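Enquirer: Structure incoming, see below.
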Amino acid sequence: MLKYLLFSCAIYYLYYVRDISAQQADLPVSQPCLGCICEAISGCNVTRGCVGDICGPFSITWGYWADGGKPTSKQQSPEEPTAYGNCANDPYCGAIAVQGYMQKFQQDCTGDGNIDCDDFAAIHALGGYGCRGTLPDFYAKRYQQCKQIVGNLHG
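Numbering (my numbering), first residue to last: 692 to 846.
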């Protein structure tokens with residue numbers, strides 16, 4: 692959980708201290724929710740790099756990154772061969788990819804009439820077209836533990 696707290700502080704810094712644009716300020720997933728998704732999917736391991744086709748602390752695939760709008764870090768062109776890996780391995784850029792993906796696929800996966808962090812967690816793990824399925828046990832357990840520590844997660 693210490694990793695989650697450090698990651699949340701870093702994301703807070705990157706969002707608010709870096710003076711982001713109004714467009715980015717109105718993103719669907721809250722900072723605590725992003726932190727719990729990161730914690731659930733990889734233990735928020737910011738040093739993992741790429742393992743097969745999955746990269747970074749959010750465990751993003753190339754397709755996920757593309758659906759998320761192909762954000763880039765370091766003003767890199769999204770068409771450069773290293774753009775996906777560089778973004779996915781950068782916590783800030785990876786978070787922007789997650790936001791873009793959620794903007795595209797946000798829906799009520801749990802059937803409770805609300806779109807909240809539980810839905811975003813399901814979309815992240817199961818994809819935009821499969822989010823009504825069953826979460827992998829390890830992911831569901833880590834997500835619920837984080838949610839209990841952080842409190843009620845709305846978005």
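Yeah, the Cβ is synthetic: ideal placement off N, Cα and C, and Gly gets one too. Because the structure is a prediction, the values reported are computed rather than measured.
#1: Could you round the C-beta distance between A731 and Y792 to whole angstroms and report it? I think they count as a contact, below 8 Å.
#2: Note the first and the last residue of the continuous alpha helix (DSSP H) segment covering K761.
#3: Apart from the five residues on each side of it in sequence, which residues of its chain come closer than 6 Å, Cβ to Cβ, to G819?
#4: Among V789, G785 and I814, which has the Cα closest to the Cα of Q798?
#5: Ends of the alpha helix (DSSP H) at F749?
#6: In the structure shown, what three-state DSSP assignment does C800 receive?
#7: Does the stretch 775-787 come close enough to the stretch 743-759 to have 3 or more Cβ pairs within less than 8 Å?
#8: Using only CA atoms, which one of I806, C800 and A812 lies nearest to V789?
#9: Give the straight-line distance between the Cα atoms of T738 and D803, rounded to the nearest whole angstrom.
#10: Quick check on D809: buried or exposed, where buried means 16 or more other Cβ atoms within 10 Å of its Cβ?
#11: Write down the C-beta distance between P723 and V841 rounded to the nearest angstrom, noting that I regard them as a contact closer than 8 Å.
#12: With 16 other CB atoms within 10 Å as the buried threshold, where does G759 fall?
#13: Excluding sequence positions up to five away, which residues of its chain have a Cβ less than 6 Å from the Cβ of L826?
Expert: On the basis of the coordinates in this document:
#1: The sequence position of residue 731 within the sequence shown is 40, counting from 1. The sequence position of residue 792 within the sequence shown is 101, counting from 1. Not a contact, Cβ separation roughly 15 Å.
#2: Translated into the one-based positions of the sequence shown, residue 761 becomes position 70. Per DSSP, K761 belongs to no alpha helix (DSSP H) and is neither H nor E.
#3: Position 128 of the sequence shown, counted from the first residue, corresponds to residue 819. Closer than 6 Å at the Cβ level, and outside the excluded window around G819, lie F796.
#4: Walking along the sequence shown from the start, residue 798 turns up at place 107. Here the closest residue by C-alpha is I814.
#5: Taking the sequence shown and counting its residues from 1, one reaches residue 749 at position 58. Unbroken run through F749: none, as it is neither H nor E.
#6: In the sequence shown, the residue the question calls residue 800 occupies position 109. It is coil, neither helix nor strand.
#7: yes
#8: Counting from 1 along the sequence shown, the entry for residue 789 is found at position 98. Measuring from the Cα of V789, the nearest candidate turns out to be A812.
#9: Counted from its first residue, the sequence shown places residue 738 at position 47. Counted from its first residue, the sequence shown places residue 803 at position 112. Roughly 36 Å between the two C-alpha positions.
#10: Numbered from 1 along the sequence shown, position 118 holds the residue referred to as residue 809. The residue is buried, with at least 16 neighbouring Cβ atoms inside 10 Å.
#11: In the sequence shown, residue 723 corresponds to position 32, counting from 1. In the sequence shown, residue 841 corresponds to position 150, counting from 1. Contact holds; Cβ gap of about 5 Å.
#12: The sequence position of residue 759 within the sequence shown is 68, counting from 1. It is buried - the Cβ of G759 has at least 16 other Cβ atoms within 10 Å.
#13: Residue mapping note: residue 826 aligns to position 135 of the sequence shown, counting from 1. Result list for L826: A816, in chain order.
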